[in-house]
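Protein sequence lines correspond, in order, to chains A and B.
The opening position of the first sequence corresponds to residue 0 in numbering that gives the first Met the number 0, with each subsequent residue numbered one higher.
The opening position of the second sequence corresponds to residue 0 in numbering that gives the first Met the number 0, with each subsequent residue numbered one higher.
From the three backbone atoms N, C-alpha and C, an ideal C-beta is built for every residue, glycine too.
It should be emphasised that the depicted structure is a prediction, and the values quoted were computed from it without experimental measurement.
Protein chains: 2
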Amino acid sequence: MSIELVAGLEPPYCAVVFTSIETGELEGYAETGERMEELVREVPGFLGYESARTPGGLGISVGYFRDEEAISAWQRNMEHQTAQRRGRAEWYERYSIHVAKVERSYGFERG
Amino acid sequence: MSIELVAGLEPPYCAVVFTSIETGELEGYAETGERMEELVREVPGFLGYESARTPGGLGISVGYFRDEEAISAWQRNMEHQTAQRRGRAEWYERYSIHVAKVERSYGFERG
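Spelled out as structure tokens, the structure:
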């Protein structure tokens, strides 16, 4: 899991917010996550990715994309679709996905 | 920190994605976070809040609001402004804020 913080993007761009609660049946989960990170970085218009998970609690991942076409390209990826099916079958108790257009953004960095 | 998962909102609505890396100087941080959760729930048009933090890594919080007016009301809250200043002075090494309009959302729940 990445600890990079995505900053300095020029709006408008798209954010896909994925929030999830795991089942605890996590065989293959970490490897698949790493593979998905590799794959998404190849999508034209992919801008960045952030992920956090409170142990035993909620996970939130955010993918940033230049536009809807970039999101569609990622959604059409067959290996991604297979991972999503496996996620619903095994890894996730619940999840929500919010697809949004970022209209402004700010950053702070300690001087 | 909440482990509720926000689901079932009707687009369009707004999402404020706050991603951060802490300094490790966290005196007053948890109490302030709890107080902010209390306060934000009083804002008309506040729809929900999710938060996750990887230990020693990235934190991601997402606040959902009906519209820009609800976000503005929260930004104008003086106690929230004081907490933000303290965050920059003490708690956060870096952060990014992305203000976005959610155009569609999906959910999954294990049957």
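Taking 9 Å as the threshold (beta carbon to beta carbon), is residue i in contact with chain A?
i                 : result
Leu4 of chain B   : yes
His79 of chain B  : no
Val39 of chain B  : no
Phe107 of chain B : yes
Ala51 of chain B  : yes
Leu57 of chain B  : yes
Arg87 of chain B  : yes
Arg65 of chain B  : no
Arg103 of chain B : yes
Met0 of chain B   : Model confidence at Met0 of chain B stands at a pLDDT of 44, short of 50, so the residue's coordinates are unreliable; what they give is reported in the following sentence. Chain A contact via Cβ: present.
Ala14 of chain B  : yes
Taking 9 Å as the CB-CB cut-off, is residue i touching chain B?
i                 : result
Glu9 of chain A   : no
Glu26 of chain A  : no
Ser71 of chain A  : no
Arg93 of chain A  : yes
Val115 of chain A : Shown here, chain A extends from 0 to 110; a query on residue 115 of chain A therefore has no answer.
Pro54 of chain A  : yes
Thr18 of chain A  : yes
Assign residue i to one of three DSSP states: helix, strand, or coil.
i                 : result
Ile26 of chain B  : The sequence given here places Glu at residue 26 of chain B; Ile does not occur at that position. It is coil, neither helix nor strand.
Leu143 of chain B : Nothing about residue 143 of chain B can be reported from this structure: the residues present for chain B run from 0 to 110 only.
Leu57 of chain A  : strand
Ala69 of chain B  : helix
Glu33 of chain B  : helix
Val16 of chain B  : strand
Arg87 of chain A  : helix
Arg75 of chain B  : helix
Residue j and residue i - do their beta-carbons sit closer together than 9 Å?
i                 : j                 : result
Phe107 of chain B : Arg52 of chain A  : no
Arg103 of chain A : Pro43 of chain A  : no
His97 of chain A  : Thr18 of chain A  : yes
Arg65 of chain A  : Tyr105 of chain A : no
Ser95 of chain B  : Val5 of chain A   : yes
Arg34 of chain B  : Ala82 of chain B  : yes
Glu36 of chain A  : Tyr48 of chain A  : yes
Thr22 of chain B  : Arg109 of chain A : yes
Gly27 of chain A  : Arg87 of chain A  : no
Which residues does DSSP list as the beta-bridge partners of residue i?
i                 : result
Arg93 of chain B  : A:Glu108, B:Ile20
Val101 of chain B : A:Ala99, B:Tyr12
Ala51 of chain A  : A:Ile59
Can you round the beta-carbon distance between residue i and residue j to whole angstroms, since I take them to be within the 8 Å contact cut?
i                 : j                : result
Ile125 of chain B : Val16 of chain B : Outside the shown range of chain B (0 to 110) lies residue 125 of chain B, about which nothing can therefore be said.
So, is the C-beta of residue i closer than 9 Å to a C-beta in chain E?
i               : result
Leu4 of chain B : In the structure shown, chain E does not exist; the protein chains are A and B.
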